[in-house]
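Engineer:
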Amino acid sequence: MVYGAPPPQGPTPGGPPFPPPGGPGFPPPIPPRRSRGPLIGVIAAVALLVVVGAVVIVLTTGGDEHPAAAPTSAAPTPSPPTTPTPTPTPTNQFPPTVPGWQVIVASQKNGLSYDVPADWENKGEGSMIGLDDGSAVPETAVDYSAESEKGDCRLGGAGFRASDVDSVKDSVVQGARMWAKAAARKQASPRQSIGAPQKMKLRSGGWVEQITARVTTAPDRDNCGSTGTTIHMVALPVTGGGSLRFVLYVHTGQPGALSDADMDKVVHSVRLAK
């Protein structure tokens, strides 16, 4: 079952650290699928935005949180007045890395982004989607999201989620177990398979942890005969503690669902564009 509602919110050995996950928990119960309270969405988005910015800063600076101060001079010499030259605004500031796909940008300032097929819906900031884990405020939901549907068939989605787990390796393992459990919930004959975490280098530089979990089930009559869910997760470190998870989940076994090759393209498109 897919949610359309709001969310909550390390340095690793051998990896750079990243400003802290933002903000305390989340407001009361989640509304039904796709209906979301604007206040909850704002609080969640602000909290996650802090983490998104933190990840970007450290990955792009190679872990240097305190850039060297510029040298000072006793008496600055005034410069002659200059006429500013207008800078043209680029029409496509963050182009996709996969030809023909669209880019989903989590941070306009720093360019944390990922690519999805052109027919996916860009849900944007403050639009939570994910899986039903049975709780009032599900842990298995993401923001800065994109979603794939065909008629009444839910094909999958992707987005970011803040975590308070410092170690990115522990973060992907914990996250994969959580999402696999939610995918198996209320399904007939579920079988779970969770792979080992692996290091992955971002296109923009910096090492992160990645993991894949697969849940196979009897055909789901409530979702066009889907026979399982594949979950790909990437964890990025955050300065000051915590981590940021990128999650891609695909309801497999139905027409239109992403192939394994295309899932791999989505996962490896996660990057910092600046």
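Each residue of the sequence shown is one higher than the one before, counting from -8 in my numbering.
We treat Cβ as the ideally placed atom computed from N, Cα and C, and that holds for glycine.
Since the model is a prediction, treat every value here as computed from it, not as a measurement.
1. Enumerate in chain order the residues of its own chain whose CB-to-CB distance from Asp110 is below 8 Å, with the five nearest sequence positions on each side excluded.
2. With DSSP run on the structure shown, which of helix, strand or coil describes Asn101?
3. Quick one: grab the DSSP three-state call for Arg212.
4. Assign Gln165 to one of three DSSP states: helix, strand, or coil.
5. Excluding the 5 residues flanking Ala171 on each side, which residues of the same chain have their C-beta closer than 7 Å to its C-beta?
6. When you compare only the Cα positions, how much space is there between Gly244 and Leu146?
7. Roughly how many angstroms lie between the CA atoms of Lys192 and Met224, to the nearest whole one?
8. Apply the 10 Å Cβ neighbour rule to Asp211 and answer buried if 16 or more other Cβ atoms are within range, or exposed otherwise.
9. What first and last residue would you give for the alpha helix (DSSP H) that runs through Met224?
10. Which residues in the same chain have their Cβ closer than 8 Å to the Cβ of Ser270, if we skip the five residues on either side of it in sequence?
11. Let me know the secondary structure DSSP gives Phe17 once reduced to three states.
12. Round the Cβ separation of Thr220 and Ala179 to the nearest angstrom and send it over; I've been treating them as touching at under 8 Å.
13. Can you tell me which of the three DSSP states Val258 falls into?
14. Report the start-end ranges of each alpha helix (DSSP H) in the segment 131 to 160 that is 4 residues or longer and not cut off at the edges.
15. Does Ala173 come out as helix, strand or coil in the three-state DSSP assignment?
16. Kindly indicate which three-state DSSP category Asp253 falls into: helix, strand or coil?
17. Go through its chain and collect everything with a Cβ distance to Ala258's Cβ below 7 Å, but skip five positions before and after it.
Structural biologist: On the basis of the supplied data:
1. Ser139
2. coil
3. helix
4. helix
5. Gln183, Ile185, Ala204, Val206 and Ile222
6. 10 Å
7. Spanning the alpha carbons of Lys192 and Met224 requires a straight line of approximately 14 Å.
8. buried
9. Where Met224 is concerned, there is no enclosing alpha helix (DSSP H), although the beta strand (DSSP E) it sits in stretches over Ser217 to Pro228.
10. Look at the range of the chain in this structure, -8 to 265, and you will see that residue 270 is not part of it.
11. Summary for Phe17: the model assigns pLDDT 36, below 50, so the residue's position carries little reliability; its value from the coordinates is reported in the next sentence. Phe17 falls in the coil class under three-state DSSP.
12. Between Ala179 and Thr220 the Cβ distance is about 14 Å, and since that is not below 8 Å, they are no contact.
13. helix
14. none
15. Ala173: helix per DSSP, three-state reduction.
16. helix
17. It should be pointed out that residue 258 corresponds to Val in this sequence rather than to Ala. Close CB contacts of Val258 within its chain, under the 7 Å cut and outside five residues either way in sequence, are with Gln201, His223, Val225 and Leu239 (chain order).
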